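One structure below.
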Amino acid sequence: MELDIELQPSDLVGCRYRVVQRYRFAGQSPTEAALRRIERAEAGKSRVLALLPTAPEPWDPPRFSRVHIDSDDENAELETLEALAAQTTIITGAVFTGVSDGRRWRATPDVLVRDGDGRYLPVIVSNHRIARPEEGRKQPLIATARLGLGAPSTGAYRLRHHAVDGYRLGLSARALAGFGLDSGRGAAIGQDRELAFLVDTGHYQAALSTALAASLPDRPRRLKECGECRFWFDCGPRLTAADDISLLFPGDRAERYRLRGIDTVGELIDADLGEASALAAAWRARIPVLRRVERVSAPRFDVEIDIDVEAYLDQGAYLWGAFDGRDYHPFVTWGGLGTAAEADTFAGFWAWLCSVRDDAHARGLSFAAFCYARHGENHWLSSSARRFGGHVSPEGHRVPSEAEIAAFISSDEWVDVFAAVRAQLIGPRGLGLKTVAPQAGFTWAETELDGEASVDMYRIAAGHTDADPAAVAEARRRLLSYNGDDCRATSVVRAWLAVGAPGTPPLMG
Ligand code: SF4
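Numbering (full-length UniProt numbering), first residue to last: 1 to 509.
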């Protein structure tokens, strides 16, 4: 499908049909979730703008200038060119437009930084995790506060790839190349606003050309992102009317069936392809969970603790929740993540968990702690030990070492309930806690707080917005309720598995 539309980097990732829908429904406003995402992006950008240098230090070369352009202004592109011509050291809010690979595009690097050779480095601010610490790596980087002034150094980080960030940098470099000002390098600032990670923008060009040149689809195909898309009101009914197979297998997951000429859920049911056809039939019959095994089971212990962690982006874990079968125990901080407040909270949680475990052992009782999908909990257990190991809280609680955490998470006393679910059950809509727990009879008091909503709620709860005290208190109450229910839901699912997951039909026959 061909439309003369100006593409932005975000149009080149995920659903390409969104561009078509934006053209068809130009007046459709963004969803609440999208607006919150824009707010978070703006908050990140403001923080970076505040960190950028405004003047050289006494020991820096004296020539320095900084210009801000309102990127929404109709003259923004012209002002960008003027700032480049004036050899401005730091330009924020720059706008470029261009045509390549047969497409019109628009690039908006958050910052342009002039290098020693008089060329420019585009810098983007992203809410992604740009890099993770990794021993032995030598990643070029520079402090945000020294952009335009200092020389890069290296740090022990491994970069993570995010296509949209690469396209933003690649497109900006392409624009600069048109003026002979491309330095060949760019920088990405992620959730740690104080560090800019340097990258070779040449790496992105081939993928960028492919993405720009790709033709636009002429119909929707369901993807994960449909759930939060403003155009679902149109795409959803069309997919349902077509009985499209992507309703069952989103994205490319249905590709192997399409290659066999199977495009609809009905055709997949009729194709008699074993598990896939059985899942399709379950989806059609609105059966969320099926059993793969004759008899579903789960181990029980004398003392059982269900755990769930809540974190804010990559910045830290603010809530460790634990349910002991009777009471919910939250260990929470609304103070600064990455500071002693977070360390104290983790130390308190760990001391409590160890006391419950040691007491069970002392009484000759078996003990296990549980979570649902261990990835997040394991990450924050290890990361908390790495960042705060040895810290002692005012109450005298000690943050464990990484070795202690490694021993715990590899022990039989740390159990991933999701692994047990996945081994024994299957579901046409996946086996997330929100899908499985209702089958075990559990419902959440807070129904709309997962994913991005909880990120926004945390920003209110931690006082990062201008919400009034009543709204802050309400946000805290809701996050605690949600975390407590996640812990309880895990407990209920375990109990349900242990009695054979009653009410769950078999996968086949
Ligand atoms: S609802 Fe889904 S298919 Fe439709 S435009 Fe949005 S993401 Fe694409």
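For every residue, glycine included, the Cβ atom is placed at its ideal position computed from N, Cα and C. Computed from a predicted model, the values in this text were never measured in an experiment.
Using the three-state DSSP reduction, which class does residue i fall into: helix, strand or coil?
i, result
"E39", "helix"
"P428", "coil"
"V125", "strand"
"C235", "helix"
"L176", "helix"
"L273", "coil"
"Q87", "coil"
"E225", "helix"
"Q21", "helix"
"A151", "coil"
"A55", "coil"
"S10", "helix"
"A187", "strand"
"G316", "strand"
"I142", "strand"
"A196", "strand"
"S100", "strand"
"F64", "coil"
"F323", "strand"
"V289", "coil"
"L3", "coil"
"W283", "helix"
"R119", "coil"
"L259", "coil"
Between the options, which has its C-alpha nearest residue i's C-alpha?
i, options, result
"P109", "G166, D314 and R160", "G166"
"D234", "R22, V493, V455 and A501", "R22"
"L147", "D218, A83, F367 and Y120", "Y120"
"Q439", "F418, P288 and E310", "P288"
"A188", "A241, A207, E452 and V113", "V113"
"G14", "Q191, E77, Q205 and A214", "A214"
"R441", "G180, R477, G451 and T490", "In the sequence under discussion, the amino acid at residue 441 is Gly, which differs from the Arg named in the question. The shortest Cα separation from G441 among G180, R477, G451 and T490 belongs to T490."
"A242", "E452, G266 and A341", "G266"
"F370", "L51, R386 and A495", "A495"
"I307", "R326, G178 and R488", "R488"
"T264", "R221, V309, D358 and S10", "R221"
"Q87", "G180, A43 and E57", "G180"
"L290", "W414, L84, A41 and P502", "P502"
"I38", "D327, L49, R16 and S126", "S126"
"E413", "Y458, R374, V95 and D115", "R374"
"G93", "I69, G27 and Y328", "I69"
"Q205", "P237, G170 and I262", "G170"
"D486", "A351, Y328 and A163", "Y328"
"W352", "G321, S454, R284 and V123", "G321"
"D192", "R129, T31, A163 and R168", "R129"
"R295", "L507, F96 and A145", "L507"
"G500", "V399, T447 and A298", "A298"
"D218", "L84, S481, Y17 and E448", "Y17"
"R357", "H161, V455, S411 and E74", "S411"
"T154", "R238, P133 and H161", "P133"
Contact criterion: CB-CB distance below 9 Å. Does residue i meet it with respect to chain D?
i, result
"L3", "Among the chains of the structure shown, chain D does not appear; only one protein chain is present."
Excluding the five sequence neighbours on either side, which residues of its own chain have a C-beta within less than 8 Å of the C-beta of residue i, listed in chain order?
i, result
"S29", "R230"
"A143", "G150, E194, L195 and A196"
"G136", "A156"
"G338", "Q315, G316 and R387"
"G376", "V309 and A311"
"D182", "R119, Y120, A173, R174, L176 and T201"
"D4", "R104"
"L431", "V289, F418, V421, R422 and L425"
For residue i, collect the residues of the same chain with a Cβ closer than 7 Å to its Cβ; drop the 5 residues on either side in sequence, then sort them by chain order.
i, result
"D60", "L149"
"A461", "W334, V472, A475, R476 and L479"
"L365", "D302 and V303"
"A437", "A489, V492 and V493"
"L81", "none"
"A163", "V13"
With a threshold of 6 Å on Cβ separation, who are the neighbours of residue i within its own chain once the five nearest residues in sequence on each side are excluded?
i, result
"R103", "L7 and L212"
"D101", "S209, L212 and A213"
"A281", "I269"
"residue 525", "Nothing can be reported for residue 525, as the shown portion of the chain is limited to 1 through 509."
"F323", "D306, C487, R488 and S491"
"P58", "none"
"D11", "V19"
Cβ pair count under 8 Å reaching 3, the region 386-404 against the region 416-434: no
On the three-pair Cβ rule with 8 Å, is the region 340-354 touching the region 387-394? yes
Can you list, in chain order, the stretches of the beta strand (DSSP E) that have 3 or more residues and sit fully within the region 349-432? 367-371 and 414-416
Stretch pair the region 453-469 + the region 242-254: three plus CB contacts closer than 8 Å: no
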